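**Q** Take a look at the following structure, please.
Number of protein chains: 2
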Amino acid sequence: MSASGWLWLTTAIMLIGGLGILLTGKRRTKAEELQTVLHGIVPIIAACSYFAMATGQGAVILPFHTAAAPIDGTRIFYFARYIDWAFTTPLLLVSLAYTAMHAGSKRTGAIVGIVLADVVMIVTSFFFGASEIPSLKWIWFLISCVAFIGVYYVIWVSLMQANHEERDDVQTVYRRNAMILSVIWLIYPLVLLVSPDGLYVVSDTAAIVFILILDVAAKVVYGFMSIASDTKITDRDL
Amino acid sequence: MSASGWLWLTTAIMLIGGLGILLTGKRRTKAEELQTVLHGIVPIIAACSYFAMATGQGAVILPFHTAAAPIDGTRIFYFARYIDWAFTTPLLLVSLAYTAMHAGSKRTGAIVGIVLADVVMIVTSFFFGASEIPSLKWIWFLISCVAFIGVYYVIWVSLMQANHEERDDVQTVYRRNAMILSVIWLIYPLVLLVSPDGLYVVSDTAAIVFILILDVAAKVVYGFMSIASDTKITDRDL
Ligand SMILES: CC1=C(/C=C/C(C)=C/C=C/C(C)=C/C=O)C(C)(C)CCC1
Ligand SMILES: CC1=C(/C=C/C(C)=C/C=C/C(C)=C/C=O)C(C)(C)CCC1
């Protein structure tokens, strides 16, 4: 399938996934309503970004210089991804934070902290993707990774701590969601490293396919799983 | 008056309106303070955007292709508007949501939902404005309208529901504000449809004048009215 074929397919999956979550998600309590809305809107934002990329609007062609010059001297930079991520990754983390602190009072500092670390991660990674000078590109990559460690810190230390005061089933769900999210998200920098935005050792289409699998896993599959476990938590609340 | 004359005039109106709301708005309760701050900051953000447009920084010239070719093959795309709207429309909706749920506990999901639907509406409408290919332009327009329906849904269903538990005077104010906002906002897509960003059937200056009337109504006039009715609600609270 062509690059744009894959992008169209993902647009459809995201749209259907998002609407599916919005329509099937329950809203019996305020907490449950928030989870449904967050997880439903994330794939819809992604659908807009994939639509832009599929129609050629969300990308520009940049020069690509390399000693080995494996390609023809240019690469396609799909900048729409980074705009998508700037909105959707904070929403996914807010949803995780609300799961961590399900019943207890919310530690606003931890939520603001994780969102800001995440926004720094994505904005600096945009400069990574956009950079043409390798030295600068890799400095941005490093800065982004440091911010990513900040995100992990809040997930595994601050939110974990707050989560210890919750009911047993809430703790189990939080630890499971935190683990799945941490693993899926960790694959992103590895894929971007070898993609055309990084070292360009895999083709444009291969990078698109890798990233779409990650995106569908991180947004749609993880979304449905989160919503399902949140429904069980809410069942016990009521 | 020239296009830039109108833009300067609006810069002044927004600045004076915003400062007027900030200086005259009361802050006796936390709720009242929030309303004053929200409605005061909205026109100040708009003043920045109008300043950028008046000085020629908030606009670019794009090619304009049409069968009839009524103009000279280009149009001025005032992108600063969309940046302004991306910040100010969520603030106006948050203010409306806090009026809806004046005394009761806040449905976070509804607030997050309306803000996200609104941000999707504005971000996709930016692509509408920026697009040069008509078919894509109109798809973005449609997507933006669907998000707009999401905004209406939260106003007239979710928030309305929450509002039913409030005091009578709060219900009256909410319904009135929701109605005024819904009507003013509905005119935006109609004006943008015929503006240079859309079909280009009215001139650049005419579009500027239509939009400035809407912007002053939606931000300054609506702001002063909101603040006045909120003062009455707070009078009864105290
Ligand atoms: C640290 C790091 C990165 C991390 C990206 C991540 C973690 C993205 C997650 C995206 C998600 C979850 C999207 C969909 O929901 C980049 C940008 C690859 C490159 C620079 C270093
Ligand atoms: C649905 C839709 C639109 C709606 C715009 C609105 C509703 C703007 C409101 C702006 C306000 C209220 C600004 C100042 O306060 C656009 C972008 C015209 C075009 C695409 C379709």
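Going down the list, the sequences are from chains A and B. Residue 194 in this note's numbering sits at position 192 of the first sequence, with consecutive numbering throughout. Residue 204 in this note's numbering sits at position 202 of the second sequence, with consecutive numbering throughout. For glycine and all other residues, C-beta sits at the position ideal for the given N, C-alpha and C. In this text, all values refer to a predicted model and were calculated from it rather than measured experimentally.
1) Spatial neighbours of W87 of chain A within its chain, please: C-beta separation below 7 angstroms, excluding the five flanking residues on both sides.
2) I'd like to know if G115 of chain B contacts chain A, where contact means its C-beta is closer than 8 angstroms to some C-beta of that chain.
3) Which of helix, strand or coil does DSSP assign to I135 of chain A?
4) Rounded to whole angstroms, how far is the Cβ of L192 of chain A from the Cβ of L201 of chain A, which I believe are closer than 8 angstroms?
5) Report yes if the CB atom of A54 of chain B is closer than 8 angstroms to the CB atom of A82 of chain B, and no otherwise.
6) Which residues of the region 186-207 of chain B have a Cβ closer than 7 angstroms to any Cβ of chain A? Give them in chain order.
7) Under 8 angstroms between beta-carbons, which chain B residues line up against L64 of chain A? List them in chain order, please.
8) Note down, in chain order, every chain B residue with its Cβ under 7 angstroms from the Cβ of T57 of chain A.
9) Using a Cβ-based criterion (distance less than 7 angstroms to any ligand heavy atom), does T236 of chain B qualify as near ligand 2?
10) Which same chain residues, not among the five before or five after I47 of chain A, have their C-beta less than 7 angstroms away from its C-beta?
11) Taking only beta-carbon atoms, is I47 of chain B less than 8 angstroms away from chain A?
12) Please name the residue, chosen from B:L40, B:I215, B:T76, that lies closest to S228 of chain B on a Cα-to-Cα basis.
13) For ligand 2, which residues have a Cβ under 6 angstroms from at least one heavy atom, in chain order?
14) Would you mind stating whether L214 of chain A and T57 of chain A have Cβ atoms separated by less than 8 angstroms?
15) Leaving aside the five residues before and after P65 of chain A along the sequence, list all residues of the same chain whose C-beta is less than 7 angstroms from its C-beta, in chain order.
16) Taking only three categories from DSSP, how would you classify P92 of chain A?
17) Got a sec: which bits of the region 82-101 of chain A sit with their beta carbon under 9 angstroms from any beta carbon on chain B, in order along the chain?
18) Since Y80 of chain B and G60 of chain B should fall inside the 8 angstroms C-beta cutoff, what is the C-beta to C-beta distance between them, to a whole number of angstroms?
19) Which residues, in chain order, does the region 15-30 of chain A contribute to contact with chain B at a C-beta distance below 8 angstroms?
20) Can you list, in chain order, the residues of the region 142-156 of chain B whose Cβ is nearer than 7 angstroms to any Cβ on chain A?
21) May I have a chain-ordered list of the beta strand (DSSP E) segments no shorter than 3 residues that lie completely inside the region 15-74 of chain A?
22) Does chain A have any CB closer than 8 angstroms to the CB of S133 of chain B?
23) Could you work out which residues of chain E lie near V122 of chain B, taking near to mean beta carbons separated by less than 8 angstroms?
24) Compare the C-alpha of T174 of chain A against each of A:T38, A:M103, A:S6, A:P45 and name the closest.
25) How close, in whole Å, do the beta carbons of L161 of chain B and A105 of chain B come, if the pair is a contact with beta carbons under 8 angstroms?
26) Tell me which residues share the same chain as C147 of chain A and place their Cβ nearer than 7 angstroms to its Cβ, disregarding the 5 neighbours each side in the sequence.
27) If you drop the 5 nearest sequence neighbours on each side, which residues of the same chain put their C-beta closer than 8 angstroms to that of A117 of chain A?
28) Considering only the alpha carbon of each residue, which of B:M3, B:A14, B:D237 lies closest to D217 of chain B?
29) So V39 of chain A contacts chain B; which residues on that side make the cut at Cβ distance below 7 angstroms?
30) How is F81 of chain B classed by DSSP in three states: helix, strand or coil?
31) Closer than 7 angstroms by beta-carbon distance: list the chain A residues that pair up with F129 of chain B, in chain order.
32) Span of the alpha helix (DSSP H) holding S1 of chain A?
33) Please classify I18 of chain A as buried or exposed, where buried requires at least 16 other C-beta atoms within 10 Å of its C-beta.
34) State the CB to CB distance for the pair G42 of chain B and I23 of chain B, rounded to an integer number of angstroms; the pair is presumed to be in contact (CB under 8 angstroms).
35) Comparing the C-beta of T174 of chain B with each C-beta of chain A, is any distance below 8 angstroms?
**A** To lay it out plainly:
1) I124
2) yes
3) Annotated three-state conformation of I135 of chain A is coil, per DSSP.
4) Contact flag wrong, Cβ pair sits at about 11 angstroms.
5) Against a cut-off of 8 angstroms, the Cβ pair of A82 of chain B and A54 of chain B comes out as a contact.
6) none
7) The contact set of L64 of chain A on chain B, defined by CB atoms closer than 8 angstroms, is empty, because the minimum CB distance reaches about 19 angstroms.
8) L138
9) No, the beta carbon of T236 of chain B sits no closer than 7 angstroms to any heavy atom of ligand 2.
10) D86, F89, T90
11) no
12) It is B:L40.
13) Listed by position along the chain, the residues with Cβ atoms less than 6 angstroms from a non-hydrogen atom of ligand 2 are B:W87, B:T90, B:T91, B:L94, B:M123, B:S127, B:F130, B:F143, B:S146, B:C147, B:F150, B:W187, B:Y190, B:P191, B:L194, B:D217, B:A220, B:K221.
14) Taking 8 angstroms as the cut-off, the beta carbon of L214 of chain A is found no closer than this to the beta carbon of T57 of chain A.
15) G75, T76, E134
16) helix
17) I85, F89, L93, V96, Y100
18) The Cβ separation is near 6 angstroms, so the contact holds.
19) R29
20) I145
21) With a minimum length of 3 residues, the continuous beta strand (DSSP E) runs that stay inside the region 15-74 of chain A are 62-65.
22) Yes, contact with chain A.
23) No chain E is present in this structure, whose protein chains are A and B.
24) Comparing Cα-Cα distances from T174 of chain A to each of A:T38, A:M103, A:S6, A:P45, the minimum goes to A:M103.
25) About 14 angstroms; that fails the 8 angstroms criterion.
26) Beyond the five residues adjoining it in sequence on each side, C147 of chain A comes within less than 7 angstroms, by CB distance, of P191 in the same chain, given in chain order.
27) The identity of residue 117 of chain A in the sequence shown is Val, whereas the question assumes Ala. Cβ within range, chain order: P92, L95, V96.
28) B:A14
29) G111, V114, G115
30) coil
31) A54, Q59
32) Nothing can be reported for residue 1 of chain A: it is not among the residues displayed for chain A, which extend from 3 to 240.
33) exposed
34) 4 angstroms
35) no
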